[in-house]
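What follows is a set of notes on a single structure, which appears directly below.
Numbering (mature numbering (1 follows the signal peptide of the UniProt record, and there is no 0)), first residue to last: -25 to -1, 1 to 977.
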């Protein structure tokens, strides 16, 4: 018995029925399907619908025969095929830098550009709203776009959280868009306008393209990673599973034929068009002849369409047997990427839209049976009603401040404008911001009002907390001690205020201009960025101002913003002079340039393995992943409405001096300190301010101006009280002990207490040595002047919290050295004015501790001479610094001596050679030859090879993957060149691998 079904021959036997299908378009390819039947079964039991191509679309088995039908928008023809009722399909495809629209109706061929910008990769459409969508991978401007079919209403839908968006698909039932990001290894769903986005599937390898079957609630995608595969899942991301794993090399485009419920895909590794049913079974080759690197694919009616990179063509053929193969679009040298055949019949609706009546607060996705609500990044779904999304207060978030505006967005957010914007009319120029973990309050420093404010983004309440600041250019919050630190660049001070008692104290005053401050409670450290005429430096100290140390110094630098990465234990700062991001370890070692060509970096922060900075000129928030070699990319911070319309060009589009801070970036790192430290909660016994000390769980109590610390170590009392010995007087952050007349004695003088440990409660000051503001106890203070037994001398000791001490004798002609008296004079009352004290202090501070020779303990002797430590060693024992004062040699004198010595040696050698009649070339030539042979030439070869590798490594992925060279370019760059072959897969002459982590060939 012989049956003929759609150009196929079936030979049936009595016991074994062998079916041989001969595909006419490829005579070398034959698919053999064997069915073993036992007994005397007849042909009436054969399921004709089980065979590929029995019907053009829907096939219904009727017991020995079959019935064909068509889906909505098609009508059945006599030969079992389906044809369009409205035969006006439109081909939309992406070129290298444009979106083109091509009419397919015979006799009405039209071709025009819907958009001519960017680097589009994949396209899809919404036939009912007449919108087309496409992905754009333009470097630093990655986006998902949409426009009307004529290209007139064009806007960016998704701009944030993209690295390498490729495949894009539209759900025409729930009105959502889906896209892949092969760099981030996930699939995202967004509402049609991009307002809300959620990751539905993550931790993939390299997802390339995707296709939707909304009527069945299924999502399909290709993955060309280490294990190439085709996968499927529910459209809510549920139950992901690989349905095809074998005989795949580089699966590219994928689409769903809704008429016969099959998937079609292209494989650029095998140069084939293949098909299978929705669970991966019944896999067949549709076409392979005349294909050279297929990319995008779509199906309409009985035809399959695909783009070819190497042939610069869009082709089509019969979707069953590959017949009627023809070229539709032919370009000369421009690569063709993704495509879609625009027609309403290709987006049928055969199921109920469960999302229409859902109560999802943000995103509703279809499932195979119903629907599921999704939440954007930084929000969580209510566990009880499963419909409402709430803000996750523990999620790290960016806080941006510029002009009079605060913007907040969750980190790793995806979507359109993900920033919540707060405009504050009372402010004018925001110059610094700081945040409180798990709180809606933002601290803001405003330049024009010269105040520091607290702003609640929930209640929108603005309240001044610090009045009369000069230029608070940097701020930092200590969540353990509940203290706010800031630097004043005009007054050159570092100040701190307790948010518990609202007490403000000048911690110390700088000679250089402090630019920014970072508070690191987990290591109990402060970090400062400072500038002066001599350059810039990064300084580290304890949080109570002691144990100051310079970590980094650069003569030609101008740091603007400083950040501390708690995971990597490193500091990063922006430098507008070199346009770089610099870094150094918290111990001052391993300094390097983290980002070169960073533009005009301004504000800065960091999180995990990434650093973030704002660019003043481009209005972008830039990101650099330090764990990979990927290039940095940005999020637009300017006029989003204008940018969405495509009216803003990023580079050079304006000036935005935006500061950035991270909310909850260090959440969880200070849990132990928050529970056990003396400065937290009820453990805080300080009456005014408790600062973290170097000891892990101990604090230091300090007092505001015109108050003194009681002998109990934690209470501040008035200066008129008599219950504390030798109180320290503080005025505008400068402290000195009360003036006392010392009787002739060899013992060291005792000074009053200005700061103390909060553990000193109840201790008797007579039994213990009191501690002064510098952190030194009475027994540890080094005396630079002494008296003899026959006279008394009055001394004035100035003590500063940065550890520097100033000693002045009442007589300018009296000084002491090596413990011996130089000159006697009658004691007289000191008469230094406050102005003279300031001048002397400025003179001392001009000698920086790391400038030339180390002098962290600079002093002025009674004769007015400044003494520095040439080899000073700072030893710290429980926050106490010991002084070593050595008079150093000026470095210029050393350098001059070395130069003179070298000149003398050269003259002597020249005289000796001249007397022996020896030409210098005779001595030098052998060494020059060895230098050229063993040093110069190898180094030259190394840098030449390195340069080639760098040039190759910096090529954008689409220069090699999505961009094919023109014939003119072939003369300069050939894909057979060795520099490209190293990235090719064995046995695959056209596949060039690009890295998952970025757009650069590694």
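No residue lacks a Cβ here, since even glycine has one placed at the ideal position from N, Cα and C. Here the structure is a predicted model, which means the values were calculated and not measured.
Query - Range of the contiguous alpha helix (DSSP H) that encloses residue 419 - result: Position 444 of the chain shown, counted from the first residue, corresponds to residue 419. In this chain, residue 419 is not harboured by any alpha helix (DSSP H); it is covered by the beta strand (DSSP E) spanning 416 to 421.
Opposite residue 258 in the DSSP bridges: which residues?
Taking the chain shown and counting its residues from 1, one reaches residue 258 at position 283. Beta-bridge partners assigned by DSSP to residue 258: none are found.
| query | Among all the DSSP beta bridges, which residues are the ones paired with residue 118? | reply | In the chain shown, the residue the question calls residue 118 occupies position 143. Per DSSP, the beta-bridge partners of residue 118 are 111.
### Message
Once the 5 residues before and after residue 438 are set aside, which same chain residues still bring their CB inside 7 angstroms of it?
### Response
For the purposes of this step, residue 438 is taken as residue 463 along the chain shown, with counting starting at 1. Beyond the five residues adjoining it in sequence on each side, residue 438 comes within less than 7 angstroms, by CB distance, of 428, 429 in the same chain, given in chain order.
* **Helix, strand or coil at residue 363 [DSSP, three-state]** => Position 388 of the chain shown, counted from the first residue, corresponds to residue 363. Looking at residue 363 - three-state DSSP - the assignment turns out to be coil, as it is neither helix nor strand.
Self-check item: Buried or exposed (CB count within 10 angstroms, at least 16 for buried), residue 461
Solution: The count along the chain shown starts at 1 and reaches residue 461 at position 486. So residue 461 ends up on the buried side.
| Where does residue 730 sit, in a helix, a strand or coil, going by DSSP? | Mapped onto the chain shown, residue 730 falls at position 755. Residue placement at residue 730 is flagged as unreliable, the pLDDT there being 47, under the threshold of 50; the coordinate-derived value follows with that caveat. Coil at residue 730, not helix or strand.
Residue 25 (DSSP reduced to helix, strand or coil):
Numbered from its first residue, the chain shown carries residue 25 at position 50. The answer is helix: DSSP assigns residue 25 an H, G or I state.
Rounded separation between residue 126 and residue 299 - CA only
In the chain shown, residue 126 corresponds to position 151, counting from 1. In the chain shown, residue 299 corresponds to position 324, counting from 1. Approximately 32 angstroms, taken between the alpha carbons.
- Message: Just list the residues that DSSP pairs residue 540 with in beta bridges.
- Response: By one-based count along the chain shown, residue 540 stands at place 565. Per the DSSP secondary-structure output, residue 540 pairs in a beta bridge with 545.
Is DSSP giving residue 567 helix, strand or coil here? Here residue 567 corresponds to residue number 592 of the chain shown, with the count starting at 1. In the three-state DSSP reduction, residue 567 falls in the strand class (E or B).
inquiry  = Among the candidates 424, 264, 409, 463, whose CA atom is the shortest distance from the CA of residue 418?
reply    = Here residue 418 refers to the residue found at position 443 of the chain shown. The residue with the shortest Cα to Cα distance from residue 418 is 409.
* Tell whether a beta-carbon distance below 8 angstroms holds between residue 561 and residue 545. => Locating residue 561 in the chain shown gives position 586, counting from the first residue. Locating residue 545 in the chain shown gives position 570, counting from the first residue. It is a contact, given that the beta carbons lie within the stated cut-off.
- Message: Looking at the strands, I want to know which residues DSSP matches up with residue 185.
- Response: Mapped onto the chain shown, residue 185 falls at position 210. DSSP, once it has assigned bridges, lists 196 as partnering residue 185.
Would you call residue 116 buried or exposed, if buried means 16 or more other Cβ atoms sit within 10 Å of its Cβ? Taking the first residue of the chain shown as position 1, residue 116 is located at position 141. Burial is judged here by how many other beta carbons sit within 10 angstroms of a residue's own beta carbon; residue 116 has at least 16 and is buried.
Exercise for review: Assign residue 334 to one of three DSSP states: helix, strand, or coil.
Suggested key: Working through the chain shown from its first residue, we reach residue 334 at position 359. Annotated three-state conformation of residue 334 is coil, per DSSP.
Near residue 466, what residues of its chain come up, given a Cβ to Cβ distance below 6 angstroms and the 5 sequence neighbours on each side ignored?
In the chain shown, counting from the first residue as 1, residue 466 sits at position 491. Cβ within range, chain order: 445.
_Less than 7 angstroms between C-beta atoms, sequence neighbours within five positions excluded: which residues of the same chain meet that for residue 378?_
In the chain shown, residue 378 corresponds to position 403, counting from 1. Apart from sequence neighbours up to five positions away, the residues of its chain that approach residue 378 with a beta-carbon distance below 7 angstroms are 404, 405, ordered along the chain.
query = Taking DSSP as the reference, what is the three-state secondary structure of residue 373?
reply = Here residue 373 is taken as the residue at index 398 of the chain shown, counted from 1. Looking at residue 373 - three-state DSSP - the assignment turns out to be strand.
Query raised in the report: Excluding five sequence neighbours on each side, which residues of the same chain lie with their C-beta closer than 7 angstroms to the C-beta of residue 157?
Result: Along the chain shown, one-based indexing puts residue 157 at 182. By the criterion of a C-beta distance shorter than 7 angstroms, residue 157 is surrounded in its chain by 139, 141, 181, 182, 183, 971, once the five residues flanking it on both sides are discounted.
What is the DSSP secondary structure of residue 161, counted as helix, strand or coil? The residue you call residue 161 lines up with position 186 of the chain shown. Three-state result, residue 161: strand.
Between residue 60 and residue 67, which are expected to be in contact by the criterion C-beta below 8 angstroms, what is the C-beta distance as a whole number of angstroms? Here the question's residue 60 lines up with position 85 in the chain shown. Here the question's residue 67 lines up with position 92 in the chain shown. Wrong, their Cβ atoms sit about 21 angstroms apart, outside the cutoff.
message = Tell me which residues share the same chain as residue 659 and place their Cβ nearer than 6 angstroms to its Cβ, disregarding the 5 neighbours each side in the sequence.
response = For the purposes of this step, residue 659 is taken as the residue at position 684 of the chain shown. When the five nearest sequence neighbours on each side are left out, the beta carbons in the same chain lying within less than 6 angstroms of the beta carbon of residue 659 are those of 665, in order along the chain.
Pairwise C-alpha distance: residue 471 and residue 587: To locate residue 587, count along the chain shown from 1; it is residue 612. To locate residue 471, count along the chain shown from 1; it is residue 496. For residue 587 and residue 471, the distance between alpha carbons rounds to 26 angstroms.
_From the DSSP secondary-structure annotation, give me the bridge partner or partners of residue 123._
On the chain shown, residue 123 is found 148 positions in, with the first residue counted as 1. DSSP output for residue 123 lists 106 as bridge partner(s).
inquiry  = Here's the rule: buried if 16 or more other CB atoms are within 10 angstroms of the residue's CB, otherwise exposed. What is residue 121?
reply    = Taking the chain shown and counting its residues from 1, the one referred to as residue 121 is at position 146. Buried, by the Cβ-count rule.
Discussion item. Can you tell me whether residue 876 is helix, strand or coil according to DSSP?
Written reply: Along the chain shown, read from residue 1 onward, the residue named residue 876 stands at position 901. Note: residue 876 maps to helix in three-state DSSP.
TODO: Measure the alpha-carbon distance for residue 277 versus residue 186 and round it to whole angstroms.
DONE: Along the chain shown, one-based indexing puts residue 277 at 302. Along the chain shown, one-based indexing puts residue 186 at 211. Straight-line measurement puts the Cα of residue 186 at about 18 angstroms from the Cα of residue 277.
Report task. Assign residue 984 to one of two classes, buried (16 or more other C-beta atoms within 10 Å of its C-beta) or exposed (fewer than that). Result -> Because the chain spans -25 through 977 in this model, residue 984 falls outside it and cannot be assessed.
With a threshold of 8 angstroms between beta carbons, is residue 541 in contact with chain C? The structure shown contains no chain C, having only a single protein chain.
**Local conformation of residue 524 per DSSP, three classes** = Counting from 1 along the chain shown, the entry for residue 524 is found at position 549. DSSP places residue 524 in strand when its eight states are reduced to three.
With H, G and I counted as helix, E and B as strand and the rest as coil, what does DSSP make of residue 647?
Taking the first residue of the chain shown as 1, we reach residue 647 at position 672. Here residue 647 sits in helix by DSSP.
- Task: Indicate whether residue 95 and residue 149 have their beta-carbon atoms separated by less than 8 angstroms.
- Result: Mapped onto the chain shown, residue 95 falls at position 120. Mapped onto the chain shown, residue 149 falls at position 174. No, they are not a contact pair.
_Using only the alpha-carbon positions, how far apart do residue 926 and residue 549 sit?_
Taking the chain shown and counting its residues from 1, the one referred to as residue 926 is at position 951. Taking the chain shown and counting its residues from 1, the one referred to as residue 549 is at position 574. Caution applies to residue 926, whose pLDDT of 43 falls short of 50 and renders its modelled position unreliable; the value that the coordinates give is listed next. In this structure, the straight-line span from the alpha carbon of residue 926 to that of residue 549 is close to 26 angstroms.
Quiz item: In angstroms, rounded to a whole number, what distance separates the CA positions of residue 476 and residue 661?
Solution: Your numbering for residue 476 matches position 501 in the chain shown. Your numbering for residue 661 matches position 686 in the chain shown. As the crow flies, the alpha-carbon of residue 476 is around 10 angstroms from that of residue 661.
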